[in-house]
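J.:
Residue numbers (our numbering): 382 to 676.
Here it is as structure tokens:
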């Protein structure tokens, strides 16, 4: 299908995700708490590492405590982000299935998969560090390699978290299943990224515009920051929540062949297998066939 149809699908998916968020605003707590707890944990871990500097100096390794604190803080923050993302997806699934979502229930369900989620946090952290190292290289080949790795990694791992928590896959199986779901929904996922990208841009541009107006009126950078920073935080939280909601909708469609509640008007059949969207979509993956036939 053409790009125009994918864009239309993406905008519809984004609009319906906003509707889910409007009906269940408590979903916003997940990315907000993820960011706050991640920053707090990183600060505590790094601060503890700096506090051990005298002991490290006695051991003739003055930089070791700082490096350890930085590594523990970075990994802990990554795990908290993954955990709250999984909680958001559980809560979103409750919302689209007619149940009232809650932060406690979402996190409790996510915690049951803590081993896989922690392993994923470790892997994603290591890959992220490798990408940063390549992109900061003075060698153009290294920069291009970093860009290629970053893009391919984002595609391959697009559905890692929902696969890990909804299918109870371990860390060895999540990548293959994520690739399969991406392959089944590549057109829809592309449209969703475009549609949500426009929504995200609108949110951040609105925050930037308000901050610019505050600066123009007051002539003070501090006043612009006081007004703009909270708005940028709100924009980030809303954008992250909409991403999670849309990803759950795409995953549900990929694994059941039917659009979930709130998303019945989304034309999901826009790519991947040559179907034209007329009539029901047949399940393409083994999991879809099992679900349709009864596990």
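For glycine and all other residues, C-beta sits at the position ideal for the given N, C-alpha and C.
Since I believe residue 457 is in contact with residue 423 (beta carbons under 8 Å), could you give me their beta-carbon distance rounded to a whole number of angstroms?
T.: Reading the chain shown from its first residue, position 42 is the one you call residue 423. Reading the chain shown from its first residue, position 76 is the one you call residue 457. Confirmed, Cβ separation roughly 7 Å.
J.: At what residues does the alpha helix (DSSP H) containing residue 620 begin and finish?
T.: Numbered from 1 along the chain shown, position 239 holds the residue referred to as residue 620. Counting along the chain, the alpha helix (DSSP H) containing residue 620 begins and ends at 602 to 637.
J.: Starting from the C-beta of residue 555, find all residues in its chain whose C-beta is less than 6 Å away, skip the five residues before and the five after it, and write them out in chain order.
T.: Position 174 of the chain shown, counted from the first residue, corresponds to residue 555. Same-chain partners within the cutoff: 541, 544, 545.
J.: Beta-carbon within less than 7 Å of residue 624's beta-carbon, same chain only, minus the 5 sequence neighbours each way: which residues are those?
T.: Position 243 of the chain shown, counting from 1, holds the residue named residue 624. 577.
J.: Take residue 459 and list the residues in its own chain whose beta-carbon comes closer than 7 Å to its own, dropping the five residues that flank it on each side.
T.: By 1-based counting over the chain shown, the position of residue 459 is 78. Contacts found: 502, 505, 506.
J.: Checking 8 Å against the spacing of the C-beta atoms, do residue 375 and residue 649 come in under that value?
T.: Residue 375 lies beyond the range of the chain shown here (382 to 676); nothing can be said about it.
J.: What is the C-beta distance between residue 473 and residue 408, in whole angstroms, given that I count them as a contact (C-beta under 8 Å)?
T.: Taking the first residue of the chain shown as 1, we reach residue 473 at position 92. Taking the first residue of the chain shown as 1, we reach residue 408 at position 27. Residue 473 to residue 408, Cβ: 7 Å. Contact.
J.: Pull up the distance between the alpha-carbon of residue 396 and that of residue 534, whole angstroms please.
T.: Position 15 of the chain shown, counted from the first residue, corresponds to residue 396. Position 153 of the chain shown, counted from the first residue, corresponds to residue 534. Going from the Cα of residue 396 to the Cα of residue 534 covers about 27 Å.
J.: Quick one: is residue 592 buried, meaning 16 or more other Cβ sit within 10 Å of its Cβ, or exposed?
T.: Translated into the one-based positions of the chain shown, residue 592 becomes position 211. By the 10 Å Cβ count, residue 592 comes out buried.
J.: Helix, strand or coil for residue 644 per DSSP?
T.: For this step, residue 644 is matched to residue 263 along the chain shown. Three-state DSSP puts residue 644 in coil, outside helix and strand.
J.: Tell me which residues share the same chain as residue 498 and place their Cβ nearer than 8 Å to its Cβ, disregarding the 5 neighbours each side in the sequence.
T.: For the purposes of this step, residue 498 is taken as residue 117 along the chain shown, with counting starting at 1. Once the five neighbours on either side are set aside, the close Cβ partners of residue 498 are 460, 463, 464, 467, 491, 542, 545, 546.
J.: Would you call the region 578 to 592 and the region 609 to 623 touching, i.e. three or more CB-CB distances under 8 Å?
T.: Yes: at least three Cβ pairs fall under 8 Å.
J.: Quick one: residues in its chain with C-beta nearer than 8 Å to the C-beta of residue 486, no 5 flanking neighbours on either side, listed in chain order?
T.: Counting from one through the chain shown, the residue named residue 486 turns up at place 105. Hits under 8 Å: 471, 472, 475.
J.: Let me know if residue 599 comes out buried or exposed under the rule of 16 or more other beta-carbons within 10 Å of its beta-carbon.
T.: In the chain shown, counting from the first residue as 1, residue 599 sits at position 218. Classification of residue 599: exposed, given that the 10 Å Cβ count is below 16.
J.: In chain order, what are the residue ranges of uninterrupted alpha helix (DSSP H) at least 4 long that sit wholly in the region 467 to 534?
T.: Qualifying alpha helix (DSSP H) stretches, in chain order: 484 to 492, 495 to 516.
J.: Is the beta carbon of residue 595 less than 8 Å from the beta carbon of residue 609?
T.: For the purposes of this step, residue 595 is identified with residue 214 of the chain shown, where counting begins at 1. For the purposes of this step, residue 609 is identified with residue 228 of the chain shown, where counting begins at 1. Contact flag set, yes.
J.: Quick check on the DSSP output: the alpha helix (DSSP H) that includes residue 565 runs from which residue to which?
T.: Taking the first residue of the chain shown as 1, we reach residue 565 at position 184. Unbroken alpha helix (DSSP H) run through residue 565: 552 to 565.
J.: State the DSSP-derived secondary structure class of residue 539, mapped to helix, strand or coil.
T.: Counting from 1 along the chain shown, the entry for residue 539 is found at position 158. Coil, per DSSP.
J.: Which residue from 532, 647, 641 puts its Cα closest to that of residue 573?
T.: Start at 1 with the first residue of the chain shown, and residue 573 comes out as number 192. Looking at the Cα atoms, 647 is the closest of the given residues.
J.: Taking 7 Å as the limit between beta carbons, can you name the residues of its chain near residue 559, skipping five residues before and five after?
T.: Sequence index remark: in the chain shown, residue 559 carries index 178 (1-based). Closer than 7 Å at Cβ, skipping near neighbours: 537, 538, 539, 540, 541, 544.
J.: For residue 390, is the classification buried or exposed, using 16 other Cβ atoms within 10 angstroms of its Cβ as the cut-off for buried?
T.: Taking the chain shown and counting its residues from 1, the one referred to as residue 390 is at position 9. Burial call: buried.
J.: What did DSSP end up calling residue 649 once you bin it into helix, strand or coil?
T.: Mapped onto the chain shown, residue 649 falls at position 268. Three-state result, residue 649: coil.
J.: Could you have a look at residue 549 and say whether DSSP puts it in helix, strand or coil?
T.: Taking the chain shown and counting its residues from 1, one reaches residue 549 at position 168. Note: residue 549 maps to coil in three-state DSSP.
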